[in-house]
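These protein sequences, in sequence, are chains A and B.
For the first sequence, my numbering begins at 708 and goes up steadily by one.
For the second sequence, my numbering begins at 3 and goes up steadily by one.
Beta carbons are placed, not taken as given, at the ideal position from N, Cα and C, and that holds for glycine.
Everything on this sheet refers to the single structure shown next.
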Amino acid sequence: MRAKNSRTGSALIEFAAALILLSGMFTGIFQVGYTFFTYSTLVNAVRAGARYASLQAPNSNVADPEFARSVVNMVVYGEPRPAMGAKPVVRGLAPDNVELVLGPSTATVTVRGFQIDAIFTKVALVGRPTVTFPFTGGGPK
Amino acid sequence: MAVAGLGIDLGRMYLIKSELQAFADAAALSAALRLDGTDQGIEGARQAPAELAAGPNAMMWDMGTRPITGIATSFAKGETAPDPKTWQADPKGAGELRFVRVVASAQAPVIFLRAFQPLKTDAAMVAASSVAVKTPGTARLVQ
Chain A
708 MRAKNSRTGS ALIEFAAALI LLSGMFTGIF QVGYTFFTYS TLVNAVRAGA
758 RYASLQAPNS NVADPEFARS VVNMVVYGEP RPAMGAKPVV RGLAPDNVEL
808 VLGPSTATVT VRGFQIDAIF TKVALVGRPT VTFPFTGGGP K
Chain B
3 MAVAGLGIDL GRMYLIKSEL QAFADAAALS AALRLDGTDQ GIEGARQAPA
53 ELAAGPNAMM WDMGTRPITG IATSFAKGET APDPKTWQAD PKGAGELRFV
103 RVVASAQAPV IFLRAFQPLK TDAAMVAASS VAVKTPGTAR LVQ
């Protein structure tokens with residue numbers, strides 16, 4: 708009887724040890740995976756915004772704040788004029804986090820002051836990702 | 003462990019590919035815009051990608067931390083699509099070269115996948131390619 712009890716006890720300790728190890732591993736995998744996934748989404752969003760600016764700028768009044776707003780919306784919501792209550796492509800991303808710099812013939816879109824919140828860790832993004840496209844106008848892509 | 007490693011390494015490679023693709027698209031357009039039928043145009047087009055990879059707003063890879071250095075630019079003739087036989091990196095005479103292809107590549111670091119590689123190298127090649135065409139007054143992406 709005593710032998711059986713002691714075996715149950717060691718199984719419990721083993722389980723506890725394995726749980727600590729495994730939960731640590733899973734947490735790490737989640738953090739890294741979620742960070743990569745979010746950053747990848749941001750790269751594509753920033754590219755979409757910069758390309759949108761590149762296509763629209765030659766036919767738009769770039770001094771109009773509405774133009775900058777539509778570019779920023781393209782990054783944050785995936786469309787230039789999102790409906791009320793639209794969800795950002797990345798959780799927590801706000802128009803304030805997106806910087807648009809228009810040169811004489813280029814549009815640069817940069818993410819600033821945004822943190823990827825992977826619950827157990829936070830990755831601060833200052834000035835990345837950034838994408839610059841030349842103005843082209845027209846075109847489907 | 004192996005599956006987790008696979009996920010992390012492949013995820014990182016996929017992310018690097020996205021970054022290189024955004025760069026290749028922008029670089030191909032910038033290069034195509036500079037083509038004007040002259041040798042100077044070709045020279046300018048060749049420099050355009052490097053300019054996007056430098057400066058305070060340089061596009062980078064590996065979560066925006068490393069400069070893009072593996073850039074190959076080539077040129078081709080063609081009407082609606084590039085003529086595959088005419089691709090050349092160092093063309094003699096600008097002639098009717100209208101298409102620009104930019105291939106951006108990087109050696110993505112791998113941590114877990116190393117165990118499965120026959121050569122056990124610590125990096126894997128990731129590349130992205132983009133083709134743009136010069137049209138009157140502007141340029142567009144074709145591939």
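Among the residues of its own chain, which have a CB less than 8 Å from the CB of Val833 of chain A, if the five just before and after it don't count?
-> Arg819, Gly820
Return the chain-ordered list of same chain residues with a C-beta closer than 6 Å to the C-beta of Glu806 of chain A, the five sequence neighbours on each side being excluded.
-> By the criterion of a C-beta distance shorter than 6 Å, Glu806 of chain A is surrounded in its chain by Thr817, Arg819, once the five residues flanking it on both sides are discounted.
Proximity winner among B:Arg103, B:Leu17, B:Leu143, B:Ala96, relative to Thr75 of chain B (alpha-carbon distances) = B:Arg103
Contact check, Tyr759 of chain A vs Ala825 of chain A under 8 Å by CB: the rounded distance?
-> At roughly 28 Å, the Cβ-Cβ gap does not stay under 8 Å, so Tyr759 of chain A and Ala825 of chain A are not in contact.
Which residues of chain B have a Cβ atom closer than 9 Å to the Cβ of Phe821 of chain A, listed in chain order?
-> Under the 9 Å cutoff, chain B gives no residues; its nearest Cβ is about 12 Å from Phe821 of chain A.
What separation, rounded to the nearest whole angstrom, lies between the Cα atoms of Phe774 of chain A and Pro765 of chain A?
-> 11 Å
Length at least 3, wholly inside the segment 4-86 of chain B: the beta strand (DSSP E) runs in chain order = As far as the segment 4-86 of chain B is concerned, its whole beta strand (DSSP E) runs of at least 3 residues are 72-78.
Give the DSSP bridge partners of Met127 of chain B, in chain order.
-> Looking at the DSSP output, Met127 of chain B sits in a beta bridge with B:Gln109.
Three-way DSSP call (helix, strand, coil) for Lys848 of chain A in this model = With a pLDDT of 47 at Lys848 of chain A, under the threshold of 50, the modelled position of this residue cannot be trusted; read the value that follows with caution. The three-state reading of DSSP puts Lys848 of chain A in coil, since its state is none of H, G, I, E or B.
Over the uninterrupted alpha helix (DSSP H) stretch that includes Glu786 of chain A, give me the two end residues.
-> It is not in any alpha helix (DSSP H) - Glu786 of chain A carries neither H nor E in the DSSP assignment.
Beta bridge counterpart(s) of Leu832 of chain A as assigned by DSSP | In the DSSP assignment, the residues bridged to Leu832 of chain A are A:Phe821.
Taking only beta-carbon positions, decide if Lys848 of chain A is within less than 8 Å of chain B.
-> At Lys848 of chain A, the pLDDT of 47 sits below 50, so the modelled position is not reliable and the matter cannot be decided from this model.
CB of Thr815 of chain A within 8 Å of CB of Thr839 of chain A, strictly = A contact, by the Cβ cut-off of 8 Å.
Provide the residue(s) that pair with Ala134 of chain B in DSSP beta bridges, ordered along the chain.
-> B:Val102, B:Leu143
CA-CA distance, Gln904 of chain A and Arg48 of chain B?
-> The structure shown does not extend to residue 904 of chain A, since chain A is modelled only from 708 to 848, so the question has no answer here.
Using CA coordinates, which residue listed in B:Gly97, B:Leu121, B:Pro138 is at the minimum distance from Asp41 of chain B?
-> B:Gly97
Assign Leu8 of chain B to buried or exposed, taking buried as 16 or more other Cβ atoms, counted over all protein chains shown, within 10 Å of its Cβ.
-> exposed
Taking 8 Å as the cut-off, decide whether the C-beta atoms of Gly72 of chain B and Ala24 of chain B are in contact.
-> no
Beta-carbon separation (whole angstroms), Ala130 of chain B vs Ala26 of chain B, contact threshold 8 Å = 5 Å
When the Cα atoms are used, what is the spatial distance from Val133 of chain B to Arg100 of chain B?
-> 10 Å
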